[in-house]
Amino acid sequence: MGKIKVLDDITIEKIAAGEVIERPSSIVKELVENSIDANSDEIIIEIQNGGKSYIRVTDNGDGIAEDDIELAFKRHSTSKLSSIEDLYKIKSLGFRGEALASICHVAKVEVMTKTEDVVAGIHGIFEEGDLVSKEIIGCPKGTTMIVRDLFYNLPVRRKFLKSDLAEANNISNIVYRMALGNPSISFKFIKDNKTILKTSKNNNLKSHIYSILGKEFSNNLIEVNIEENGIKIFGYISNNKLYRGNRSHQYLYINGRHVNNLSIANTIEKYYKSIIPLNRFPCFIIFIEINPVKIDVNIHPTKEQVKFSNPAEVLSLLEKEVESSLYDSLSIPKMNIGEKKDSPKEENLPLLFQIYEEDIKDENKERDIVIKDFTLDSKFNVEDNISDYNSNLLCEEEVGIERDISSEAIYEESSSAIDKNIFLKAKPIGVIFGTYIVVEIEGEDKILFIDQHAAHERILYEKYLEEYKNENIVQQQLIAPEIIELTNMEMNNFQENKSIFNKLGFNVEEFGNNAVAIRAVPLVFGKPNLRELFFDILDNTNKIKTNYDVKLDKIMKIACTKAIKSGDNIGKIEILSLLKQLRKANNPYSCPHGRPTILEMTKKDIEKAFLRIT
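See the structure below:
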């Protein structure tokens, strides 16, 4: 007997519904798109328990006619198109006729709707895809959809939903994204009886961006606006002061539909390569209006991608406008000629050197090196201070060096032939090229060249890594908290991932509606650029949660940031401290990225170079 069977209709419908409705945010997206297609200019979204138990979307759009109520919830029923030819000139956001049918097969659905040409409205209740109740009610023009108990009949699917907070944040991001792309529509978003977002009908895109993404974001935008050959591109791109660690703040709308398009993102990003830090991404809100015949919107299950019939035409126009607008807006920073800068004070010494200053005295006794006997090359700067370090989060990594940051690699790096105890006999000679410490090894006829940045980076990295693994990160309280303004989406991300910051040694708390206050940071960081550091972690929270190597990579970047740099003038105290801590390191021979920290040259090597011996 054969094993193949035809599935029953209910099973087929539930399987199909599971493909369309993955989580509560899928429902919100579909319902809001329907409201937009219905010519609404006011949309209210309400959720409870992350949308798992309750979702309500109310609009003042065209409404659904009584005769269409039941048909609207049947699969492949739509008013958006009638033939395949219509698909290639579609202007609406929805067109497949799957959303409502899918929703009513995985949740309990109520609909209240009224069209303009009738006196009373209709109230319908759907369960398992069937209309179980229908009555006439009084209600305003428009439609209200209420969705309760998502996946009540699919307990396995319900089990895979995330926490209420995580699901609510997914919904929030959908709502913010759709609100941002529709300035002519008033959006109101209510989460657990609290209003989270409220926008007004405003055709002024800049002020609309301000209301959703905040003051700091909107104040660092450059307008773009061009129209040629039936293609219109308008919106805003960020200046060189506004960027993020990922593409989460790149918003692209094609004919009103929010989509992702890597070619467009890359086209914009290439103009920022020389004006923002490496591995950072510009922000933009770009709208493209084009003849629907020239795009295909049916290439992705969630309609998040479109295909252009002539992409070069669009990209060329975009390049032209971005290049012109961006470089016209860039300003040259003014030099303060003649102004005398205050010399760095002792308290600006790198934290590592402050911590171990007392240890240096003990180390000097051990090595019989006395500070007063310290001799230097005549060109060596002996000031006991250090310049303010570059706060940029990017490391001084050479191009082309591959890094192995796996946990095994950290503890299995080559231990080299240099004995760590050699540092006990080290006598500093000076610093060359502002980068390499020259050390003579007494009694061994050899000298060492130590890369001051790589060595310090290794020390900071191991110190912080040890504290992180032991969950005992020492914090330093800030005299005044650092207040950082966030967009709504960034605040959602922070709320969901606050524990990551706590584990990394930060004390960060919410400060008002869309801001956070950093009150303490890991002691080993010294005085970091908190804004850069905060966003670097926030933009990578998902990777940090799931990938141990990414955690290590973040620690490496932090160590690299706070380490002394090439060209920094360090004094005798700092050099002695560096040597002491390098000797204590698990692996003093390379920086966390794999570059060597120490090179050795013997007297014999030098004499060979001068042909004194063969």
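Taking the numbering used here, the leading residue of the sequence shown gets 4, the next gets one more, and so forth. Idealized CB from N, CA, C, for every residue including glycine.
- For Glu460, the enclosing alpha helix (DSSP H) begins and ends at 455-472.
- The beta-bridge partner set that DSSP reports for Ile435 consists of Tyr439.
- Take the alpha-carbon of Leu582 and the one of Phe426: they are about 6 Å apart.
- Take Ile139, set aside five residues on each side of it, and the residues of its chain with a beta-carbon closer than 6 Å to its own are Ala123, in chain order.
- Take Asp195, set aside five residues on each side of it, and the residues of its chain with a beta-carbon closer than 7 Å to its own are Gln51, in chain order.
- For Ser210, there is no enclosing beta strand (DSSP E); the enclosing alpha helix (DSSP H) covers residues 208-216.
- Within the same chain, Glu493, Asn496, Phe497 come within 7 Å of Leu541 by CB-CB distance, once the 5 residues on both sides are set aside.
- Cα atoms of Glu326 and Arg161: separation of roughly 48 Å, rounded to the nearest angstrom.
- Between Thr118 and the set Gly132, Ser105, Ser80, Ala68, the nearest pair of CA atoms involves Ala68.
- Note on Leu153: 16 or more other CB atoms within 10 angstroms of its CB, so buried under the neighbour-count rule.
- A Cβ-Cβ separation of about 22 Å leaves Asn173 out of contact with Ser43 under the 8 Å criterion.
- In this structure Tyr330 is exposed. Its beta-carbon is surrounded by fewer than 16 other beta-carbon atoms within 10 angstroms.
- Taking each of Glu469, Lys276, Ser312, Asn510 in turn and checking the Cα distance to Lys587, the smallest one comes out for Glu469.
- Between the C-alpha atoms of Arg247 and Asp539 there is a straight-line separation of about 8 Å.
- Per DSSP, reduced to three states, the secondary structure at Val511 is strand.
- In this structure, the beta-carbon distance from Asp65 to Ile46 does not fall below 8 Å.
- Per the C-alpha coordinates, the member of His108, Lys244, Glu292, Leu320 positioned closest to Cys286 is Lys244.
- The alpha-carbon of Lys55 is positioned some 46 Å away from that of Lys323.
- By alpha-carbon distance to Cys594, the top candidate from Glu131, Ile289, Ile462, Glu474 is Ile462.
- In this chain, the beta strand (DSSP E) harbouring Asn228 covers 224-231.
- If you draw a straight line from the Cα of Ile125 to the Cα of Ala523, it comes to about 57 Å.
- Judged by beta-carbon spacing, Ser569 lies within the 8 Å limit of His456, meaning their Cβ atoms are closer than that value.
- Spatial neighbours of Glu33 in its own chain (CB-CB distance under 6 Å, excluding positions within 5 residues in sequence) are listed in chain order as Ala102.
- By the neighbour-count criterion, in which a residue is buried when 16 or more other Cβ atoms sit within 10 angstroms of its Cβ, Arg615 is exposed.
- The criterion of a C-beta distance shorter than 8 Å is not satisfied by Ser80 and Val60.
- Excluding the 5 residues flanking it on each side, Val477 has same chain C-beta neighbours closer than 8 Å at Glu470, Gly508, Pro525, Leu526, Val527, in chain order.
- Exclusion of the five residues before and after Ala268 leaves Arg250, Gln253 as the residues of its chain whose Cβ lies within less than 7 Å of its Cβ.
- Around the beta-carbon of Asp133, fewer than 16 other beta-carbon atoms lie within 10 Å, marking it exposed.
- The three-state secondary structure of Thr544, taken from DSSP, is helix.
- Here the alpha carbon of Lys144 sits roughly 37 Å from the alpha carbon of Phe311.
- For Ser580, the number of other beta carbons within 10 angstroms of its own is at least 16, and it is reported as buried.
- Annotated three-state conformation of Val121 is coil, per DSSP.
- Exclusion of the five residues before and after Ile24 leaves Ile30, Ser105, Ile106, Val109 as the residues of its chain whose Cβ lies within less than 7 Å of its Cβ.
- Secondary structure note for Pro484: its beta strand (DSSP E) is the uninterrupted segment 478-488.
- According to the DSSP secondary-structure assignment, Phe163 is paired through a beta bridge with no residue.
- In the structure shown, the three-state DSSP call for Arg151 is strand.
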